[in-house]
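A.B. asks:
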Amino acid sequence: MSRVKKLSFKLLQVCFILNMVLMLSMEKVQAREAESSPFFCDTSDQISLKPTAIIWDSENDPYAVIIKWEQLELDVGDTRISITGVSPIDFNYACLYWTINNKDRLAEPQQFKAGYRSRIAGGHWNEWFTTSKIEYIDHLDRYVAPFYMAVWGEVHQEFEITLTFPAGVKIKTLGLHLANHRNNAESSGFELGLRSQEDTAVQSLPGRPTIIPRSQWWGDLPSSDLNSPRRPPVYRNITHAIIHHTGAHPHNDQPTAADAANWVRSIWRWNAVDQGWGDIRYNFIIDRFGNIYHGRFNPELDATTPRDVIGGHAFTDTTNYNRGSMGIAFLGLFDQQLPTIAARNSADWLIAWRFNLRVLDPLGQAMLEDKNVHRITSHNAVDDETGCPYPLIINHLTDMRWNVSRRMRVVTSPNGGETFTAGRTIMTRWSFPAISGNVRIQFSSNGGSTWTTIFSSTPNDGSQSWTIPLDFFTARGRIRVNSINNPDIHDMSNANFNILVPPLSR
Numbered sequence: 004m005s006r007v008k009k010l011s012f013k014l015l016q017v018c019f020i021l022n023m024v025l026m027l028s029m030e031k032v033q034a035r036e037a038e039s040s041p042f043f044c045d046t047s048d049q050i051s052l053k054p055t056a057i058i059w060d061s062e063n064d065p066y067a068v069i070i071k072w073e074q075l076e077l078d079v080g081d082t083r084i085s086i087t088g089v090s091p092i093d094f095n096y097a098c099l100y101w102t103i104n105n106k107d108r109l110a111e112p113q114q115f116k117a118g119y120r121s122r123i124a125g126g127h128w129n130e131w132f133t134t135s136k137i138e139y140i141d142h143l144d145r146y147v148a149p150f151y152m153a154v155w156g157e158v159h160q161e162f163e164i165t166l167t168f169p170a171g172v173k174i175k176t177l178g179l180h181l182a183n184h185r186n187n188a189e190s191s192g193f194e195l196g197l198r199s200q201e202d203t204a205v206q207s208l209p210g211r212p213t214i215i216p217r218s219q220w221w222g223d224l225p226s227s228d229l230n231s232p233r234r235p236p237v238y239r240n241i242t243h244a245i246i247h248h249t250g251a252h253p254h255n256d257q258p259t260a261a262d263a264a265n266w267v268r269s270i271w272r273w274n275a276v277d278q279g280w281g282d283i284r285y286n287f288i289i290d291r292f293g294n295i296y297h298g299r300f301n302p303e304l305d306a307t308t309p310r311d312v313i314g315g316h317a318f319t320d321t322t323n324y325n326r327g328s329m330g331i332a333f334l335g336l337f338d339q340q341l342p343t344i345a346a347r348n349s350a351d352w353l354i355a356w357r358f359n360l361r362v363l364d365p366l367g368q369a370m371l372e373d374k375n376v377h378r379i380t381s382h383n384a385v386d387d388e389t390g391c392p393y394p395l396i397i398n399h400l401t402d403m404r405w406n407v408s409r410r411m412r413v414v415t416s417p418n419g420g421e422t423f424t425a426g427r428t429i430m431t432r433w434s435f436p437a438i439s440g441n442v443r444i445q446f447s448s449n450g451g452s453t454w455t456t457i458f459s460s461t462p463n464d465g466s467q468s469w470t471i472p473l474d475f476f477t478a479r480g481r482i483r484v485n486s487i488n489n490p491d492i493h494d495m496s497n498a499n500f501n502i503l504v505p506p507l508s509r
């Protein structure tokens, strides 16, 4: 037997022995206070909660296991399960799911409440993450809780989970997915720096912003899923942008860009595997550094004029608002403060780029399926049962629409630094997509303090020739273009240009 085979065999033996020790220890059921045993339950009769299966989930995640408890024999009247355990792997991600026996009496998801906490072996527990934002996944016939993440930069070995459920509901199967996505980051050498402030500055045209490709944040997730074979792309050009937050966990400050990428991987795992949707729901995700992550797989994203891929970020029981919208999610939960300036700038730039391609007015409204909503709108504008996003972001959307509009409406020539001679004919150029009606063109000789109208109404076709009068000479020239229908929609030269006195003829 070769050395490699011997080592592999020894490794399998060790794994088997550790698994047997774990399974035997799980049979020692004690009261909740007796935290020395790996698994225990605090229901009234302290029933055994020995797992019926521990499944290595390498097909979906290289560092993941599924712990399952089946045919739970709870007493009539029991409405709560609590389990503390030792994981067979280091983990920083957990997701709880369950099925029920009495399908004829399907409980509403909001009637359940799940909780998680974890710790390094023998250390202090993290604070609880409890949630009643449960989803029933019809095609999987199970309830799924939001996922939990450990403290940034840590992997844990021990967990405690709780599940509260309505009286009369019989829990059939309880499953806990555990994964180590921090390991993905370290083993792939993934690390992102802060975005350059130049990246988030207003550009002369809303070109494509820097977008982190899936391959860069993917880490050691299965390479076979990188191009989303479970959820192949379906194309439909956008008419709207829908703004989300991803939600948060007890430790959601994203101290490093690698931690943010770890979070994005966890969202993919939750959406694609635990919820069974095949890929991440959002088209784009933005972290606090302003990094934009390519979410839902779009093989045309790097094309000159890419098509848009339908995401999975906004739908109700009756209507699919993903068709015709792109989902942009700020990474975190923003109940106390807005996303960072860098994150907001990146969102503005991203939307301006896509809206410019589709010639969409960011200040306008239009039908999205059965609702007439702003072109840039919030998740809860199309689904009034969701709390996403919180009011701070909703109240910011007016500013966002104007910020996007300013990025899209640009004077490109003259734009500062040029030198012209009075009497010369020059071309004024601008880009004001998705604006109905004519535009007004004005000139300033004092850097924008006062303005003189040179064309009171001209078609919004992007260019207009202009002969500079002989008495116009200045070192502080500017051009301004604005919409006649809405003068607040305007742009001017970024800097001063020069107009010189023509030379005397002999």
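The sequence shown lines up with residues 4 to 509 when you count with the numbering used here.
Glycine included, each C-beta is placed from N, C-alpha and C at the ideal position.
I need the DSSP call for Gln160, collapsed to helix, strand or coil.
C.D. replies: Walking along the sequence shown from the start, residue 160 turns up at place 157. Gln160: strand per DSSP, three-state reduction.
A.B. asks: Do the stretch 368-388 and the stretch 299-314 touch if we need at least three Cβ pairs shorter than 8 Å?
C.D. replies: Flag = no, the stretch 368-388 and the stretch 299-314 do not touch.
A.B. asks: Of all the options His180, Pro417 and Glu62, which has the alpha carbon lying nearest to the alpha carbon of Asp93?
C.D. replies: For the purposes of this step, residue 93 is identified with residue 90 of the sequence shown, where counting begins at 1. Cα-wise, what sits closest to Asp93 is His180.
A.B. asks: Starting from Ser494 and walking both ways along the beta strand (DSSP E), at which residues does that stretch end?
C.D. replies: Position 491 of the sequence shown, counted from the start, is the residue given in the question as residue 494. In the sequence as displayed, the identity of residue 494 is Asp instead of Ser. Where Asp494 is concerned, the enclosing beta strand (DSSP E) stretches over His493 to Met495.
A.B. asks: Three-state secondary structure (DSSP) at Asp262?
C.D. replies: Walking along the sequence shown from the start, residue 262 turns up at place 259. DSSP places Asp262 in helix when its eight states are reduced to three.
A.B. asks: Residue range of the alpha helix (DSSP H) that Pro91 falls in?
C.D. replies: Stepping through the sequence shown from its first residue, residue 91 is reached at position 88. Judged by DSSP secondary structure, Pro91 falls outside any alpha helix (DSSP H) and instead within the beta strand (DSSP E) spanning Arg83 to Phe94.
A.B. asks: Are Gln113 and Ser135 touching if we call contact CB-CB under 8 Å?
C.D. replies: Counting from one through the sequence shown, the residue named residue 113 turns up at place 110. Counting from one through the sequence shown, the residue named residue 135 turns up at place 132. Yes, Cβ-Cβ distance for Gln113 and Ser135 is below 8 Å.
A.B. asks: Taking C-alpha atoms, which residue in Ile245, Asp373 and Asp305 lies nearest to Ile331?
C.D. replies: The sequence position of residue 331 within the sequence shown is 328, counting from 1. Looking at the Cα atoms, Ile245 is the closest of the given residues.
A.B. asks: Quick one: what does DSSP say His127 is sitting in, helix, strand or coil?
C.D. replies: Start at 1 with the first residue of the sequence shown, and residue 127 comes out as number 124. Reduced to three states, the DSSP call for His127 is coil.
A.B. asks: Quick one: Cα of Ile492 to Cα of Tyr66, how far?
C.D. replies: Locating residue 492 in the sequence shown gives position 489, where the first residue counts as 1. Locating residue 66 in the sequence shown gives position 63, where the first residue counts as 1. C-alpha separation (whole angstroms): 52 Å.
A.B. asks: Buried or exposed for Ser231, please, with buried defined as at least 16 other CB atoms from any protein chain shown within 10 angstroms of its CB.
C.D. replies: Here the question's residue 231 lines up with position 228 in the sequence shown. Burial call: buried.
A.B. asks: I need the DSSP call for Asn359, collapsed to helix, strand or coil.
C.D. replies: Position 356 of the sequence shown holds residue 359. If DSSP states are grouped into helix, strand and coil, Asn359 belongs with the helices.
A.B. asks: DSSP three-state label for Ile241, please.
C.D. replies: To locate residue 241, count along the sequence shown from 1; it is residue 238. The answer is coil: DSSP assigns Ile241 none of H, G, I, E or B.
A.B. asks: With distance defined between alpha-carbon atoms, name the residue in His243, Tyr238 and Asn265 nearest to Phe300.
C.D. replies: If you number the sequence shown from 1, residue 300 lands on position 297. Ranking His243, Tyr238 and Asn265 by Cα distance to Phe300 puts Tyr238 first.
A.B. asks: Residues in its own chain within less than 7 Å of Arg185 by CB, not counting five upstream and five downstream?
C.D. replies: To locate residue 185, count along the sequence shown from 1; it is residue 182. Hits under 7 Å: Asn95, Val158 and Asn265.
A.B. asks: Are the beta-carbon atoms of Trp352 and Arg410 separated by less than 8 Å?
C.D. replies: Taking the sequence shown and counting its residues from 1, the one referred to as residue 352 is at position 349. Taking the sequence shown and counting its residues from 1, the one referred to as residue 410 is at position 407. For Trp352 and Arg410, yes; Cβs fall inside 8 Å.
A.B. asks: Relative to the alpha-carbon of Ile471, which residue among Asn463, Gly465 and Ile482 has its alpha-carbon at the smallest distance?
C.D. replies: Position 468 of the sequence shown holds residue 471. Looking at Asn463, Gly465 and Ile482, the one whose alpha-carbon comes closest to that of Ile471 is Ile482.
A.B. asks: Using only CA atoms, which one of Phe162, Asn418, Phe476 and Leu400 lies nearest to Gly426?
C.D. replies: Position 423 of the sequence shown, counted from the first residue, corresponds to residue 426. Selected option, being the one with the closest Cα: Phe476.
A.B. asks: Could you spell out the range, first to last residue, of the beta strand (DSSP E) harbouring Val504?
C.D. replies: On the sequence shown, position 501 is the one that residue 504 refers to. Run containing Val504: none; DSSP gives neither H nor E here.
A.B. asks: Leaving out five residues before and five after Leu229 in sequence, what residues of the same chain have Cβ atoms less than 7 Å from its Cβ?
C.D. replies: Counting from 1 along the sequence shown, the entry for residue 229 is found at position 226. Excluding positions up to five away in sequence, the list reads Arg217, Ser218 and Trp221.
A.B. asks: So, helix, strand or coil for Leu166, using DSSP?
C.D. replies: The residue labelled residue 166 in the question sits at position 163 within the sequence shown. Strand.
A.B. asks: Taking a contact to mean a Cβ-Cβ separation below 8 Å, would you say Ile457 touches Gln445 in this structure?
C.D. replies: Translated into positions along the sequence shown, residue 457 becomes position 454. Translated into positions along the sequence shown, residue 445 becomes position 442. Yes, these two residues count as a Cβ contact at 8 Å.
A.B. asks: Determine the direct distance from the alpha carbon of Asn240 to that of Ile137, and round the result to whole angstroms.
C.D. replies: Within the sequence shown, residue 137 is the residue found at index 134, counting from 1. Within the sequence shown, residue 240 is the residue found at index 237, counting from 1. Taking the straight line from one Cα to the other gives about 31 Å.
A.B. asks: Please classify Glu111 as buried or exposed, where buried requires at least 16 neighbouring CB atoms within 10 angstroms.
C.D. replies: Locating residue 111 in the sequence shown gives position 108, counting from the first residue. Result: exposed.
A.B. asks: Nearest-angstrom Cα distance between Leu224 and Asp282?
C.D. replies: What you label residue 224 is simply residue 221 of the sequence shown in a count that begins at 1. What you label residue 282 is simply residue 279 of the sequence shown in a count that begins at 1. Computed Cα separation, rounded: 12 Å.
A.B. asks: Is it right to say Gly80 is buried, meaning 16 or more other beta carbons lie within 10 angstroms of its own, or is it exposed?
C.D. replies: Sequence index remark: in the sequence shown, residue 80 carries index 77 (1-based). Under this definition Gly80 is an exposed residue.
A.B. asks: In whole angstroms, give me the CA-to-CA distance for Leu166 and Pro392.
C.D. replies: Looking up residue 166 in the sequence shown gives position 163. Looking up residue 392 in the sequence shown gives position 389. Roughly 26 Å between the two C-alpha positions.
A.B. asks: Might you give, ordered along the chain, the residues of its own chain that have their beta carbon closer than 7 Å to the beta carbon of Ala124, omitting 5 neighbours on each side?
C.D. replies: Taking the first residue of the sequence shown as 1, we reach residue 124 at position 121. So the list reads Gln160 and Glu161, once near-sequence residues are dropped.
A.B. asks: Are the stretch 376-390 and the stretch 493-506 touching by the rule of at least three beta carbon pairs closer than 8 Å?
C.D. replies: no
A.B. asks: For Asn510, which residues of its own chain have a beta-carbon under 6 Å away from its beta-carbon, when the five flanking residues on both sides are left out?
C.D. replies: Missing from the structure shown is residue 510; the chain here goes from 4 to 509 and no further.
A.B. asks: Could you pull out every unbroken alpha helix (DSSP H) segment of at least 4 residues lying fully inside the stretch 280-362, listed in chain order?
C.D. replies: 344-361
A.B. asks: If you reduce the DSSP assignment to three classes, tell me which class Ala498 lands in.
C.D. replies: Numbered from 1 along the sequence shown, position 495 holds the residue referred to as residue 498. DSSP places Ala498 in the coil class of the three-state scheme, outside both helix and strand.
A.B. asks: Ends of the beta strand (DSSP E) at Val276?
C.D. replies: Here residue 276 refers to the residue found at position 273 when the sequence shown is read from its first residue. Note, Val276: premise wrong, no beta strand (DSSP E); not H, not E.
A.B. asks: Runs of 3 residues minimum, wholly inside the stretch 357-433: which ones carry the beta strand (DSSP E) assignment?
C.D. replies: 368-371, 374-377, 379-381, 413-416 and 422-424
A.B. asks: Enumerate in chain order the residues of its own chain whose CB-to-CB distance from His142 is below 8 Å, with the five nearest sequence positions on each side excluded.
C.D. replies: Position 139 of the sequence shown, counted from the start, is the residue given in the question as residue 142. The answer, listed in chain order, is Gly279.
A.B. asks: Measuring straight from C-alpha to C-alpha, what distance separates His399 and Leu360?
C.D. replies: Mapped onto the sequence shown, residue 399 falls at position 396. Mapped onto the sequence shown, residue 360 falls at position 357. Cα to Cα, the separation comes out at about 24 Å.
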